[in-house]
Every structure is written in C-alpha cells, then in structure tokens.
Amino acid sequence: MFQAFYRLNDNPFSNNVSSKNLFLSEHHREALTCLNYGLNETGGFVLLTGVEGAGKTSVVNAFLNKVSTTHDAALITNPSITELELLATICNKLNIPYRDASSVKCFTDLICQFLLNNDAQGRSTLLIIDEAQHLSTSVLEQLRLLTNLETDTKKLLQLILVGRPELIQMLKQDDLRQVSQRITARYHIPSLSQSETCAYIEHHLRVAGHHDPLFAPAALKAVHRYSGGRPSLINQLCEQALMIGHAQSKTTIDSNIISTAVSQTPAIKIKPRDDRSLFITLTAMAASTIAVLLTLTLTLTYSVPNKPTDRVEKKVMTQTAVMAKQNPPQPLALDRDVHSERKQQDSIAAHNSLTPQALSDKAPGSVEDNNGDTINGGDGLSELEETPFTEPETEHALIELSPEIGAGAKALSNIDSNQSNVPLVQDEQNWYVLQIYAGRTRPDDLSRFRCENINLLIRHHNETYYLTSQHLSLKQAKQTKQLMTDRCQIDTWIKPLPKSWQALVASQN
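Taking the working numbering, I'd label the letters of the sequence shown as residues 754 to 1262.
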C-alpha cells in the first residue's frame, strides 16, 4: 500500500510495539527507573499510571524483557475477575499445577509453596496487573494479603499495578487505605511534548527505512496539537495521513493532509476549526453588539428631559406676547448665551465637514468666521493639523477596536437630541496591514515568512524595519491572519495602516 510509495520496509506506526521500534522518551526512561527501584526494594506495591495511550504497556514490555532472566513474571491483562479467579489466573501464569482447588485457601497454599521454592533457587516472583483501575476492592485486598507471604528478609511476591489516573483516585478510598500504604514507588507518565512528538515520528520512520524528512514542520506541530502527545493517537493519525498522502500522490505530508486525517480519525476529539463557520459567528456577534450599543444610545438620548433654557424661553415668550407686537424686546442674556452656543456648534460642524483638500487650499494660519470670511490668525491652523503617526519600536502591535463598532460609536456621539432623524453617514474605508516582523535588523531572508500568495513589503521608519502585508480591509486582514496562522504557522498582528505609509503603499501597488 503506502509502504512502497514512501519506500518503507514496513508500517512505521503499527500498534505492535517491539524492542526494535520501541521509542523511550525521557519520561518513559524515568518510569523504567522507578520500576527497577521498586523491584530492588524489600517488597510492596509499585504504581505506574498514565492516560490512555501514554505508553504504559510499552514500558512494561521493556521492563519484562530486562528482568526475564532473574524473575518469574506473571502478567494479567484482564483484571475484571473475582478473588478465586485471580488466584487461579496467577497459578496458570506461573505454571503452578493444581487439582480440584475450589477455595481461596487451596490456591493460596499452592502459591505460597511455589514462592518458597523459587526463593530457595535464588529467583524472585513478579506479578504485573495491567488496567488495574478495573480491579474490585475485594480483589485488591486479596492482592495485599498475598504480599504478606515473606521471609525474614524480604517479600516473596512483588506486585506492579498499571492503570489510568482513575486508579490513583480509587486508592484514596478509606476501604483501600491499607493497600495504598503498601505502595513503595509511584510514577505517572505524562504525554509527549512537541519536541518529543517530532522525535517519536522521526524515530519510527527511520526504523522503517525512511531517513529523509517526510512530514512538514507544520504537519508535525498539527500532529502534536490534535493527538495531545499520546503515542497511540500519534500512530493512528500518522498512519491515516500516510494513506491519504499516498491516495493524493503527495511526497510530503503537509498540514492539510493532517487536517483531513483528523476528520477521519474518530478517536481524536479535537477537530479542525471551520473558518467559514467561525467567521459567520464572529460577524453575527459583532452585528448584535452594534445593535445593542445603538439601542442603548438612542434610549439614553430620548430619556434626557428638556433643557432648563427651553422652559425659561417658553415662560418669557408667554409673558411678553402682547408687548412683542408694539416694542420688540431685546434678547435676554440667557437667549444670547443659547444663540452663542448654537452658533459655536454650527461653526465646529462646518469646520469638521471640510475635506483635507479644502483645508490645504486655505492660507496657512487662517480660519473662517461665521459669515464665511477668511481671517488671518497666525499659527491658528497648526493646532488643527493632524499629528504625524509615530511607529512604536516594538515587535507586537495592538489590535484596535473593530472599525464597524468604532464608526457606529463616532456617528452616535454626533447625533443631537433635537436632530435624531438625521441619517448617519458611513465612514470612508479604513485600511489595515498584517505585521510579521519589527526590529532594528533588515529582514533580508523572506523565505521563512512566505505563505501562499501573500505579498510582503519591507518598510523602514524611525530606525526600525517592518515586514508587513499590503494594505487590506479589516475583513481581508482577519481572513489572511487566519490563513497564515492555521496553514503556514506564522504569527501576525493586525494593525491600522499608519498615515505615513499611505504614499509608500500607493507607490508600490
């Protein structure tokens, strides 16, 4: 099948673990050391735990191969048995003959005699129970009683319990406190780290006869992320990826093949993210947020009572209605304040409506009065000029608020309570860039930053070099960032396009 296509001698990720393809990480070697320590003690229990597929069985097999010359070992892999069945299984594993032994006492006497004979011959007896979390309380108590068989110097039977982390919790029960006190050595095998996962895959490929890199670096990271560093899941995922790569005639296993293999491996709980579904969800959340903000702002606007000046104006107009026909009254001081405030607001609104081009056409240091006439004011306009954008000399850029939310908040802040029916005007397009690098050194080698067909630009500002994309809309920036993170494993930051880069971008398009 795929063995011939990838020039492999056999299946490198088979579940059949042998001494030939056995991979022992640092934690697996520490587990072996713990088992050897427990074996050299005078007796008691040794506890070895780990999550499903962490490599416990591989460690036990390697340990049995090492002690087979000095010990008679019995390995029990089906612990869902009764006390009597346990004793009978021990006799079968150790080749202890028995006839019509139908009681616990008969089996115990036979096992005790075998242990004494073994000790007289200079050999030790070892009992290993795999999947020990399925043992009942009565069977565990029977095992504790078996370890009571001893001489003046040592225990005649040494016991190793192997199981998942539930075994640790089970031994904390009050009924099993005596069994827990007998444990002389404990070790928990953690999952493989990312570097150990890469070494595990390369080791199995090398043993199978493939010495060149077969998995892309991004694919190795994806295998570790989806498998959680558990060897059994690594084997399933890599084997499925090789079959998919062979079907697609791919000489290199990339992250896309791993994503496909994950979707076809039921044992893996974490599935690849659906970018389209995620984008739709985020868009709906943003729309709902804008709607809530709009509703809240309008509610607060219409809930404000009439201004005191409005009530004063009504009272004055009522009292002077008759006199107004004969002698028009002079404006009150309060009325003058109100009219002055409104004129000032109209002047500010007229200034904000000017485009940058209109501002540039006027003479430096000139402003307009309320009648539209130009007044020379020295450096008055310099305060209204836009402050140049200064690039921060850092490698991380802050992600600003979504432009849709920012535009909505800005428009709402300009709505007057008496002019709420004026339609909102949408802001002009905001541009963004994806920043990949920022530093004092020019990034001449861009090959490690390449991703799909994304064009990169090198910019220099304030003695700092920046490696960024071309200008993008916020939607394009988010989609491109997702692509570079998932497919290319490149970290990027979305940041607004600085004003000082507008001309540079326009010249390079």
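C-beta atoms are modelled at their ideal positions from N, C-alpha and C, and glycine is treated no differently.
For the alpha helix (DSSP H) containing residue i, name the first residue and the last one.
i	result
residue 1188	That residue, residue 1188, is in no alpha helix (DSSP H); its beta strand (DSSP E) goes 1185-1192.
residue 780	779-793
residue 759	That residue, residue 759, is in no alpha helix (DSSP H); it is neither H nor E in DSSP.
residue 839	836-846
residue 819	809-820
residue 1264	The structure shown does not extend to residue 1264, since the chain spans only 754 to 1262, so no value can be given for it.
residue 886	Here residue 886 belongs to no alpha helix (DSSP H), and DSSP marks it neither H nor E.
residue 951	947-960
In this structure, does DSSP put residue i in helix, strand or coil?
i	result
residue 971	helix
residue 851	coil
residue 1050	helix
residue 939	strand
residue 1263	In the structure as shown, the chain starts at 754 and stops at 1262, and residue 1263 therefore has no counterpart that could be examined.
residue 1199	coil
residue 739	Nothing can be reported for residue 739: it is not among the residues displayed for the chain, which extend from 754 to 1262.
residue 998	helix
residue 1211	strand
residue 896	helix
residue 903	strand
residue 771	coil
residue 1225	strand
residue 1006	strand
residue 965	coil
residue 891	helix
residue 1234	helix
residue 1109	Only weak support is given to the placement of residue 1109: the predicted model assigns it a pLDDT of 41, under 50, and the question is left unresolved by the model.
residue 922	helix
residue 764	coil
residue 833	coil
residue 991	helix
residue 933	helix
residue 1021	coil
residue 944	coil
residue 1127	Any reading at residue 1127 needs caution, since the residue's pLDDT is 38, under 50, leaving its predicted position unreliable; the model's value is listed next. Note: residue 1127 maps to strand in three-state DSSP.
Got a sec, what are the start and stop residues for the beta strand (DSSP E) residue i sits in?
i	result
residue 916	910-916
residue 1248	1246-1249
residue 878	877-882
residue 825	824-829
residue 798	798-803
residue 1221	1217-1222
Less than 8 angstroms between the CB atoms is what I'm expecting for residue i and residue j, so what's the real figure, rounded?
i	j	result
residue 999	residue 754	7 angstroms
residue 826	residue 881	6 angstroms
residue 1225	residue 1233	6 angstroms
residue 963	residue 761	6 angstroms
residue 1035	residue 982	Not really, about 30 angstroms apart at Cβ, beyond 8 angstroms.
residue 1223	residue 1208	6 angstroms
residue 904	residue 912	That belief does not hold up - the Cβ atoms of residue 904 and residue 912 are roughly 16 angstroms apart, past 8 angstroms.
residue 784	residue 820	Incorrect: roughly 14 angstroms between the Cβ atoms, too far for contact.
residue 892	residue 834	7 angstroms
residue 781	residue 806	With a Cβ gap of about 13 angstroms, residue 781 and residue 806 do not count as contacting.
residue 1007	residue 971	7 angstroms
residue 1210	residue 1194	No, residue 1210 and residue 1194 are not in contact; Cβ-Cβ is about 17 angstroms, not under 8 angstroms.
residue 840	residue 861	7 angstroms
residue 1185	residue 1247	6 angstroms
residue 949	residue 895	Not really, about 39 angstroms apart at Cβ, beyond 8 angstroms.
The ligand ADP and residue i: does any heavy atom of the ligand fall closer than 7 angstroms to the residue's C-beta?
i	result
residue 971	For the structure depicted, the ligand ADP is absent and the ligand set is empty, with no information on it obtainable.
Between the stretch 966-979 and the stretch 990-1003, can you find at least three pairs of beta-carbon atoms closer than 8 angstroms? yes
I want to know whether the stretch 837-855 touches the stretch 796-812 - three or more CB-CB distances under 8 angstroms. no
Validate contact between the stretch 859-874 and the stretch 914-933 using beta carbons, cut 8 angstroms, 3 pairs: no
Validate contact between the stretch 1034-1048 and the stretch 1006-1014 using beta carbons, cut 8 angstroms, 3 pairs: no
Count the CB pairs spanning the stretch 779-794 and the stretch 933-942 that are closer than 8 angstroms, and state whether there are at least three. yes
Using 8 angstroms as the threshold, is the stretch 870-889 in touch with the stretch 766-780, meaning 3 or more CB pairs across them? no
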